Amino acid sequence: MLRDRLGKELLFFDGGMGTLLQEKGLQPGELPEVWNLEHAEEVMEIHREYYKAGSDIVLANTFGANALKFHDDRYGLKEIITAAITNARKVADKITAEEHREVYVAMDMGPTGKLLKPMGDLSFEDAYETYAEAARYGEEAGADLIHIETMSDTYEVKAAILAARENTSLPVFVTMIFDEKGKLLTGGDVPGVVAMLEGLRVDALGMNCGLGPKQMMPILEDLMKYTSLPVVVKPNAGLPKQKDGETYYDVEPEEFAEYMRKIVDMGGCIIGGCCGTTPAHIREMVNRCRDMQIHEPVKKTDTIVSSYGGAVVIGDKPVVIGERINPTGKKKLKAALKEHDMDYILKEAIMQQDNGAHILDVNVGLPDIDEPAVMVEAIREIQSVTSLPLQIDTVDETAMEAAMRIYNGKPMVNSVNGKQEIMDQVFPLIKKYGGVVVGLTIDESGIPDTAEGRLEVAQKIIKEAAKYGIDKKDIVIDVLAMTISSDPDSARITLDAVKLVREKCGVRTVLGVSNISFGLPYRPAVNSNFYTMAMQNGLSAGIVNPSSEDMMRSYYSYCALMGYDENFETYIGKYGNRTAEATAQSTSQSAEITLSSAIEKGLKEEAHLITARMIGEGQKPLDIINQELIPALDKVGKGFEKGTVFLPQLLMSADAAKIAFSVIKDSMSGDEVMEEAQDKVILATVKGDIHDIGKNIVKVLLENYSFDVLDLGKDVPPEKIVETAIEEDVKLVGLSALMTTTVISMEETIRQLREKKPDCKVMVGGAVLNQEYADMIGADFYGKDAMQSVYYAQSVFGRES
Amino acid sequence: MDTRTKEAVRYLGYGNHAVDGQTLELIRDSFEELDRVADKRIIYRIFDVNVTENESLDIGKLHITSRNLSKNLCGCKEAFVLGATLGIGIDQLLRRYSLTDMSRAVVIQASAAAMLEEYLDTWQKETAAKLEAEKQYLRPRFSPGYGDFSISHQEMILRMLNAEKSIGLTLTNGGMLNPTKSVTAVAGISRTKERCPVHGCEACRKTDCAYRRET
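Going line by line, the protein sequences match chains A and B.
Residue numbers for the first sequence follow the working numbering, beginning at -19 and rising by one.
Residue numbers for the second sequence follow the working numbering, beginning at 4 and rising by one.
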């Protein structure tokens, strides 16, 4: 019944709860939900006042009722939630009897109070379970809807929505906190939030808290631009003000109600209040707005993908999809995937972002690889270093679903095609998790060899998607670029098809651009020209290599030429200082210093150029390493010990050396493999600890000295460290902890290692540690700084010089 | 050199050595980047202070046993409880640079610590000035985890401030503040003007610390 009224008539929420409870005696720091049991009458009185004031929907007092906040309290979670819903239900039923109107009780779900991984220590799955439990209790106790509110993290909200939808059959409303710039605390923006929430098929969305009604208006305007759903607006009674250390709000009921009229005019259709609003505010709001006509939600047509950091609109201005994280034809990436070298993948991600990509393709498909597991890990890790939206690229249905589930935002999904079997697999996933799906124009009879044939397949895909309620804005068509070397007409057909699909279907398009030149010499020339031609024919998103100068030159030039680059800002930013001599000059400068002095001074670019030059001159890699690199590193290390070189300098040298090493590695052919590091060292920041900078410093230095570092990251459970040590037969483990509270996990890790891998040495470091403490917890070595760990590692592996 | 740059240099372990030009440049760059990325937020409330028995005291619903804090709040009837953060963007930045440019990561880490202290110092000064107009005096702030003021109080402090909702400040299971560039603190309000005791670094009894401020 509530679902039928959504977006058809104006509905009223209640107002603030916390302040009213405090007036009745709730102490700051006390858990308000305990009052459902200990002061049920007071809570019911507040509900009653709101219903009497005209609220259609009242939030039960369950905002913080989740297992993470109620871990060791006197009452069980079920008891608390059942009491909360029952209290509200009793009042609601009485109101229905008295006033003959249908009113509703919402199960209110706020944030867990924890940050999710990768930035925090709560896993997505645990967040999901936390919300699932609460949502189930809420439905069982008789809630009419689930209202997820005051959220500032898109990932947490995704966990909450999936939990509510998969564990109850109730309507789900979601409101987020935006700041005055229209941003979430975690960086997300309005279109990004809308895209994700609509993808997850919530019933209504909007904003609450953080701002007063006046400050919410510009954000509401933005919301209305992007959403096709009924919009909830629940402002505070103005911006918070401070007096004598107390927060208060000073927008009075009349003023509040006037603003709310404007908000209804702008498109808000489920309205109420948040902090500082009272039954008086709600009464005034209901009185003044009751007879207003609402604007029924309008369907929007923008194609949007998002991540936690915001949205990318795939519109008239083309966007760049980075193609580099795809092992096809890439030896190094293949090796990295096999060896589980996530750092390599992350660096590729960062490089593509720095080079101008808007979306990153992620494909980890290799034979003999657990694709679902690797895909999930890759998506998670990449999302921890870049806020660009990702394109989940796989033919493995299980990997696709697993990745879509844990992706933070609304992903691009590559791909579906015209084959019935594939459509039957992919569309249910898009319907469930949301996403913009790439539709390849291929079906049971292959790739049509005319533009019209490809158009027909595109139309078939769009039609089939509609059966699932998937709008064509969430489909981008890939008419496929086949190499011209096997069919000279193929470029022409592709370009015609792009144009035709844009015109006839009105959908956005995508192409793997680089295929076109396969088999030809000097491919960048053909690729970049084809890229320009494709954009001119209506290509919305090219999957290209953003590190390719030629491709990006085409892209930036196209945008400048077509008026997509206001004041040529991007173009000038990119090429404004470009002179032909710039590179030549730095080369000649670098000729004056030696590699060892470049490393000592921490000059990365010079280290790169000189190493390349030395290799070009035919010097042997091992000679360069032993005569230049290692002596330079040793010298800097000694200086650090003596106190003449300091940490930033030590690391600048390390970074420069790292670059020199990678130039040397790149120069070697397949059979002339460099003496690979065999001495494995595990590094980890212990369980409960999220500070990993110290560990990362040690890692850089150990790698310089060619140790094979297995970096397990931060907040690592003892079991995982032990398991890895046994599996990889590791002789040395380095553990880091920042605080006394987490040294306990360090001790536990050492205990488990002693028991299960007794031949393994343990070195420890971190802010609170000292020799005495290290001895107490049974470590073999305490590294007071990063160089000490290097020396100790050398001694463990008998490498002392 | 401005104060925050000096502090960043100190956090990088230079002691009384002169900082090199390259690092100094990196510090300047880092502050520029931090100024763009940092999302400074602060929340505070005043609570009554009740000394219950020797070295035990109540600040609102906080029940604390701490000799250091008792001394710090001696004679105060009220105290600010506060939380402040530079936001999660800094952690994302650090993570990124840890992969690509470790020296920069380390310098940003130190610069962010200096920035956070500066932010709180500014709050402290402004608040003290306001209080002085009413003949009240602000004591130096004191944070859980220092001396014998246990960090186990973080959870209640965050709850009392509603810090998650108001400034996005959360706690990990290990009791760490997250975003990592965040602090909570207690700062007493006193009716009598006392000679302000040294605070911060100088007050600490770990005199052999590599990062100790030169006095």
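Note that the Cβ used here is the ideal one computed from N, Cα and C, for glycine as well.
Small disclaimer: the values here were computed from a predicted structure and weren't measured.
List, in chain order, every chain A residue whose beta-carbon is nearer than 7 angstroms to that of residue i.
i, result
"residue 47 (chain B)", "225"
"residue 133 (chain B)", "Simply none; closest approach about 10 angstroms."
"residue 162 (chain B)", "9"
Give the straight-line distance between the Cα atoms of residue i and residue j, rounded to the nearest whole angstrom.
i, j, result
"residue 699 (chain A)", "residue 738 (chain A)", "15 angstroms"
"residue -14 (chain A)", "residue 182 (chain A)", "12 angstroms"
"residue 153 (chain A)", "residue 344 (chain A)", "36 angstroms"
"residue 39 (chain A)", "residue 87 (chain A)", "6 angstroms"
"residue 752 (chain A)", "residue 743 (chain A)", "13 angstroms"
"residue 23 (chain B)", "residue 14 (chain B)", "14 angstroms"
"residue 293 (chain A)", "residue 754 (chain A)", "53 angstroms"
"residue 301 (chain A)", "residue 233 (chain A)", "50 angstroms"
"residue 267 (chain A)", "residue 241 (chain A)", "10 angstroms"
"residue 565 (chain A)", "residue 590 (chain A)", "Bear in mind that a pLDDT of 48 at residue 565 (chain A), under 50, signals an unreliable position, so the number given afterwards is only what the model happens to contain. Rounded to whole angstroms, residue 565 (chain A) to residue 590 (chain A) spans 13 angstroms at the Cα level."
"residue 715 (chain A)", "residue 104 (chain B)", "22 angstroms"
"residue 67 (chain A)", "residue 394 (chain A)", "48 angstroms"
"residue 614 (chain A)", "residue 608 (chain A)", "10 angstroms"
"residue 58 (chain A)", "residue 114 (chain A)", "8 angstroms"
"residue 239 (chain A)", "residue 378 (chain A)", "49 angstroms"
"residue 677 (chain A)", "residue 12 (chain B)", "18 angstroms"
"residue 626 (chain A)", "residue 620 (chain A)", "6 angstroms"
"residue 107 (chain A)", "residue 441 (chain A)", "35 angstroms"
Once you ignore the five residues that flank residue i on each side, which residues in its own chain have a CB closer than 7 angstroms to its CB?
i, result
"residue 36 (chain A)", "-9, -8, 83, 84"
"residue 148 (chain B)", "154"
"residue 69 (chain A)", "85, 122"
"residue 101 (chain B)", "108"
"residue 76 (chain A)", "82, 83"
"residue 65 (chain A)", "40, 85, 87, 118, 121, 122, 123"
Using a Cβ-Cβ cut-off of 6 angstroms (strictly less than) and excluding sequence neighbours within five positions of residue i, which residues of its own chain qualify?
i, result
"residue 59 (chain B)", "68"
"residue 328 (chain A)", "304, 305"
"residue 31 (chain B)", "none"
"residue 9 (chain B)", "none"
"residue 777 (chain A)", "659"
"residue 181 (chain B)", "173, 175"
"residue 761 (chain A)", "743, 772"
"residue 561 (chain A)", "Only weak support exists for where residue 561 (chain A) lies, its pLDDT of 49 falling under 50; the coordinates are left without a value."
Mind pulling the chain B residues with CB within less than 8 angstroms of residue i?
i, result
"residue 286 (chain A)", "Under the 8 angstroms cutoff, chain B gives no residues; its nearest Cβ is about 16 angstroms from residue 286 (chain A)."
"residue 582 (chain A)", "25, 106"
My assumption, with CB atoms under 8 angstroms, is that residue i sits in contact with residue j. Please give the rounded CB distance.
i, j, result
"residue 94 (chain A)", "residue 183 (chain B)", "Their Cβ separation, rounded to whole angstroms, is 14 angstroms, which puts residue 94 (chain A) and residue 183 (chain B) out of contact at 8 angstroms."
"residue 457 (chain A)", "residue 489 (chain A)", "5 angstroms"
"residue 209 (chain A)", "residue 184 (chain A)", "6 angstroms"
"residue 317 (chain A)", "residue 346 (chain A)", "6 angstroms"
"residue 2 (chain B)", "residue 7 (chain B)", "A question about residue 2 (chain B) goes unanswered here, because the residues of chain B that appear run from 4 up to 218."
"residue 169 (chain A)", "residue 290 (chain A)", "4 angstroms"
"residue 418 (chain A)", "residue 392 (chain A)", "7 angstroms"
Taking residue i as the query, report the chain B residues whose CB atoms sit under 7 angstroms from its CB, ordered along the chain.
i, result
"residue 10 (chain A)", "64"
"residue 598 (chain A)", "Result: empty, since nearest Cβ-Cβ is about 31 angstroms, beyond 7 angstroms."
"residue 530 (chain A)", "The contacting residues do not exist; residue 530 (chain A) stays about 24 angstroms from chain B at best."
"residue 721 (chain A)", "154, 177, 178"
Go through its chain and collect everything with a Cβ distance to residue i's Cβ below 8 angstroms, but skip five positions before and after it.
i, result
"residue 757 (chain A)", "723, 726, 727, 730, 744"
Below 9 angstroms on C-beta distance, what does residue i contact in chain A?
i, result
"residue 28 (chain B)", "Here the premise fails: no neighbours, minimum Cβ distance about 10 angstroms."
"residue 240 (chain B)", "The structure shown has nothing for residue 240 (chain B), since chain B only spans 4 to 218."
"residue 112 (chain B)", "673"
Would you mind telling me which residues of chain A sit closer than 8 angstroms to residue i, beta carbon to beta carbon, in chain order?
i, result
"residue 93 (chain B)", "Within 8 angstroms Cβ-Cβ: nothing; residue 93 (chain B) doesn't reach chain A, min ~10 angstroms."
"residue 34 (chain B)", "Those within 8 angstroms of residue 34 (chain B) in chain A number zero; the least Cβ separation is about 14 angstroms."
Run down chain B in chain order and give the residues with a C-beta less than 9 angstroms from the C-beta of residue i.
i, result
"residue 347 (chain A)", "Correct list: empty, because the minimum Cβ distance to chain B is about 28 angstroms."
Interface positions of the stretch 57 to 76 of chain B facing chain C (Cβ-Cβ less than 9 angstroms), listed along the chain
Within the model displayed, chain C is absent; protein chains A and B are what it includes.
Looking at C-beta atoms only, is the number of pairs between the stretch 477 to 491 of chain A and the stretch 440 to 456 of chain A that lie closer than 8 angstroms three or more?
yes
Count the CB pairs spanning the stretch 42 to 59 of chain A and the stretch 8 to 17 of chain A that are closer than 8 angstroms, and state whether there are at least three.
yes
Across the stretch 165 to 174 of chain A and the stretch 196 to 209 of chain A, are there enough close Cβ pairs to call them in contact, namely three or more that are closer than 8 angstroms?
yes
Should the stretch 640 to 647 of chain A be regarded as contacting the stretch 765 to 774 of chain A, the criterion being three or more beta carbon pairs within less than 8 angstroms?
no
Does the stretch 72 to 81 of chain B come into contact with the stretch 112 to 130 of chain B, if we say contact requires no fewer than three beta-carbon pairs (one atom in each stretch) closer than 8 angstroms?
no
Report yes or no: do the stretch -3 to 16 of chain A and the stretch 269 to 283 of chain A share at least 3 C-beta pairs separated by less than 8 angstroms?
no
Below 8 angstroms, how does it come out for the stretch 130 to 140 of chain B and the stretch 130 to 141 of chain A: are there three or more Cβ pairs, yes or no?
no
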